[in-house]
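FYI, the UniProt record's numbering numbers position 466 of the sequence shown as 466, with every residue one higher than the one before it. For every residue, glycine included, the Cβ atom is placed at its ideal position computed from N, Cα and C. In what follows, a single structure is set out as structure tokens and then discussed.
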Amino acid sequence: MEPDHDASRKLSKLSDSRLANPLLQLLCPSPGFYYFWFLQLSTMGVDENFLYLRNQDKARHPLAVSRHALCDLSNVSPVVFLYLLKECYVYGTCKATAKFRVLQQQAYGFLYNDPQPGAAIFVAQCLYVLPIFESHCEGFSHLIISALRHFLKVGNGMNGIYKAKLLAAKLFLAIVDGTLHHEERVLVKILEVFDVSLSNIEKAMYDADEKGHTCQTAKVLVEQYISRLVDSQSYMTAVSLLEHFSIRESGESFLLKMLESKEYRAAEKWATFMGRPILCTLVREYVNRKLQKHAFDVIRQNNLREEFPEIYRQYKESKLKKLAEKGCWDVAEARIYDDRQLLEYLVYLAMEAGYMEKVEELCERYSLEGFINVKELEESIPTHRYLQLDELSIKEVVWVDEMNSLLDATCDIEECKVVGVDCEWKPNYEKGSPPNKVSIMQIASDNKVYILDLIKLYGDSPDVLDDCLTRILHSPRVLKLGYNFQCDVKQLALSYGQLQCFKHYDMLLDIQNVFKEPRGGLSGLAKKILGTGLNKTRRNSNWEQRPLTQFQLEYAALDAAVLVHIFCHVRGYTQPTGDQDVHSKIEWKSHIASHIDNSNSKISKKEAKRRKAKAKTDKAPQSVETKELTEQTLS
């Protein structure tokens, strides 16, 4: 449809609406006036273009349509202004959120276009009118209040500000007595942006012929309204009004009501307003209800550490312990902030985890004289039994960081039928920043582990590295074992996107998919199958440092080697079927992925679904070649 035909059709439709609606006839008596504004507003948020329109004599004329259609508000009433905004929103062609965002951006600019008798009064009048717009009321209320807040913030709109306060006070009274309906959040924003005081409300009451009242009467009215809010459990609104009007007469019973209703944000806002005595009461109540994090946050945000030193220390220790359990030792150390007591506790956690090089590192860095005799302290702490590398019959761990050793390792690995594969990279704790590159890749046979320094090998000769890893990862004759290997696959592609070797994988078995019990990760699975778990304290250490420590090398080698030994046990392993004394063999062959495509090219959702469905169908029936290769691994 041509632009002029489309515009004429819409105009005809809106003209019919005008004739059927007396309010529109009153607001827009001139069809030409209405036509002009419709053409302007219907393109809000659209790039400036020329729209060709056909007038009564059928001639075609270009009319420039601008985003800044509301360029002069001096002769536009609040009702017309809001109606035009609504029409712009309703007839816009983009999505609702995008349309509203455009209006939000432009509403602030509209207030510079000489609304009469001033921006603040104009917005107050708009708020009086908005309830008749029903479903648009709340959204447009937030929009124009936000615009006015910004407008006043830069020092504008002081003209008629006192009258605007009185209008806002009258608006408050109308909302309180039910004459006008606005959402509670809008009510609070009205009081805040117009800075309505009790004296303003008293003046509004006086103007309404309620003479003889004092400022106390306005306070009583507000308190009665707050009491109604509390009864309806609108605690946050009630607290906002108490704070806005500086009413401090509510006691601890009010605090307990909010806690019973689990309105913690409202309770903390009110306690902060009331001061330290109520804040201390709030902390004690949180502790009694076993809400340690809430208690700690109140202590930290309000500088109550001296009042509650034990609670503060216990919470910090619990956080350190959680970080230690996750292996985030560097993060735990950064959060100590030179607190000697917490530092000693971190050393104790490292000892308890068997992370003795971390103990020595902390003692040396912070001159902890009380921990110098590490051997004696180590003996006094109960130790956990973890799987050791020599228990897996690993004869050699080979560090590969130059081309000749990489070529030798590749030839050796190609002769294996089954290998375990794992990767490590330095953790990144900066929120929003990209992850670090994969630092090392471990490839283990049944008696040897190769640890490839990917960062150095890629820097020295990316083509050789690509060729060697392609021979391993793309080989249909070598079964590759991983644990949650999808994460490693993604990270490798992000780290070394130019290498073809990480684009796809052949003959890959993710051990995690064989066992449906996610608890404990690889360590938990090793304990279940082999009888002993893995020490995971070093998984988040600095894998980019060179040389790696002996402990890091052993940790990395274990993660790959244990996969091969778990697989050897899986082939003959049985698990309960549900009936007592009845066991069945674990089905693992169907979990082998004969081919995994890891291409980073963008595809449509439809294509992604098609590939996913195809992967499912491809997974079930194994090809003859895959079956033959699988059987060879058993021989």
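Closer than 7 Å by C-beta to Phe151: which residues in its own chain qualify, once you throw out the five before and the five after it? Chain order, please.
Cβ neighbours of Phe151 beyond the five flanking positions: Tyr108, Leu111, Ala119 and Gly157.
With distances taken Cα to Cα, identify the nearest neighbour of Leu291 among Thr272, Val90 and Gln314.
Measuring from the Cα of Leu291, the nearest candidate turns out to be Gln314.
On the three-state DSSP scale, how would you describe Ser461?
Three-state DSSP puts Ser461 in coil, outside helix and strand.
Relative to the alpha-carbon of Gln500, which residue among Leu473, Ile511, Ser135 and Asn404 has its alpha-carbon at the smallest distance?
Cα-wise, what sits closest to Gln500 is Leu473.
With respect to the beta strand (DSSP E) encompassing His504, which residues constitute its N-terminal and C-terminal limits?
Segment His504 to Asp510, the beta strand (DSSP E) holding His504.
Could I get the ranges of all uninterrupted beta strand (DSSP E) runs contained in the region 391-446, with 3 residues as the minimum, in chain order?
Correct list: 396-400, 418-425 and 438-444.
For Val222, which three-state DSSP category applies?
Of the three classes helix, strand and coil, the one that applies to Val222 here is helix, per DSSP.
As an exercise, report each continuous alpha helix (DSSP H) stretch of at least 4 residues that is fully enclosed by the region 100-142, in chain order.
The qualifying runs are 119-129.
Give me the Cα-Cα distance between Ser66 and Gln498, rounded to the nearest whole angstrom.
Note that Ser66 scores a pLDDT of 35, beneath 50, so its modelled location is shaky; the value from the coordinates is reported in the next line. Going by the C-alpha atoms only, they are around 47 Å apart.
Could you tell me if Gly459 is buried or exposed, where buried requires 16 or more neighbouring beta carbons within 10 angstroms of its beta carbon?
By the 10 Å Cβ count, Gly459 comes out exposed.
If you follow the beta strand (DSSP E) that Gly482 is part of, which residue opens it and which one closes it?
Segment Leu479 to Gly482, the beta strand (DSSP E) holding Gly482.
Around the Cβ of Glu202, are there at least 16 other Cβ atoms within 10 angstroms (buried) or fewer (exposed)?
Glu202 comes out buried.
Flag this pair as yes or no: are the beta carbons of Glu325 and Lys426 separated by less than 8 Å?
Cβ atoms of Glu325 and Lys426: not closer than 8 Å.
If you drop the 5 nearest sequence neighbours on each side, which residues of the same chain put their C-beta closer than 8 Å to that of Asn428?
Around Asn428: Pro434, Pro435 and Asn436.
Kindly provide the ranges of any alpha helix (DSSP H) runs that are 4 or more residues long and lie completely inside the region 510-561, ordered along the chain.
As far as the region 510-561 is concerned, its whole alpha helix (DSSP H) runs of at least 4 residues are 511-514 and 521-530.
Below 8 Å, how does it come out for the region 159-169 and the region 90-104: are there three or more Cβ pairs, yes or no?
Cβ pair count under 8 Å is below three, so no.
Do you know offhand how far Cys568's Cα is from Tyr286's?
So the alpha carbons of these two residues sit roughly 52 Å apart.
Distance check for Arg101 and Leu171, CA to CA, integer angstroms please.
So the alpha carbons of these two residues sit roughly 27 Å apart.
Please state the DSSP three-state secondary structure of Tyr315.
Helix, per DSSP.
Going by CA-CA distance only, name the one from Val154, Val176 and Lys456 that's closest to Trp399.
Out of Val154, Val176 and Lys456, Lys456 has the C-alpha closest to the C-alpha of Trp399.
Which of the three DSSP states is assigned to Asp177 in this structure?
Coil, per DSSP.
Could you name each continuous alpha helix (DSSP H) segment of 4 residues or more that falls completely within the region 310-357, going from the start of the chain to the end?
Complete alpha helix (DSSP H) runs here, min 4: 329-334 and 340-352.
Confirm, please, whether the CB-CB distance from Ala271 to Met236 is below 8 Å.
Contact: no.
Assuming Leu143 and Val123 form a contact by the criterion Cβ under 8 Å, report the distance between their Cβ atoms to the nearest whole angstrom.
Actually they are not in contact, since the Cβ atoms of Leu143 and Val123 sit about 10 Å apart, beyond 8 Å.
Excluding the 5 residues flanking Leu187 on each side, which residues of the same chain have their C-beta closer than 8 Å to its C-beta?
Correct list, in chain order: Phe172, Ile175 and Thr237.
For the region 556-567 against the region 406-422, are there 3 or more C-beta pairs whose distance is under 8 Å?
Yes: the two stretches touch, three or more of their Cβ pairs being nearer than 8 Å.
Counting along the chain, where does the beta strand (DSSP E) carrying Val449 start and finish?
Lys448 to Asp453 is the span of the beta strand (DSSP E), which, as asked, contains Val449.
Please report how far the alpha carbon of Ile440 lies from the alpha carbon of Leu259, in whole angstroms.
When rounded, the distance between both Cα atoms is 51 Å.
Look at the alpha carbon of Asn302 and the alpha carbon of Leu191, and state the distance between them as a whole number of angstroms.
Between Asn302 and Leu191, the C-alpha separation is close to 27 Å.
Please decide whether Leu221 counts as near chain C, where near means a Cβ-Cβ distance under 8 Å.
In the structure shown, chain C cannot be found, because there is only a single protein chain.
What is the residue span of the alpha helix (DSSP H) that Leu273 lies within?
As written in the sequence, residue 273 is Phe, which differs from the Leu given in the question. Residues Tyr264 to Met274.
In whole angstroms, give me the CA-to-CA distance for Asp412 and Ile394.
About 15 Å.
Using only alpha-carbon positions, find the residue among Gly482, Gln552 and Ser234 that is nearest to Thr537.
It is Gln552 whose Cα lies nearest to the Cα of Thr537.
Kindly list the residues whose CB is nearer than 8 Å to the CB of Asn447, restricted to its own chain and excluding five residues on each side of it in sequence; keep chain order.
The residues are Ser393, Ile394, Lys395 and Glu396.
From the DSSP secondary-structure annotation, give me the bridge partner or partners of Ile592.
Bridge partners of Ile592: Leu509.
So what does DSSP say about Thr470, is it helix, strand or coil?
In this structure, Thr470 counts as helix in the three-state DSSP scheme.
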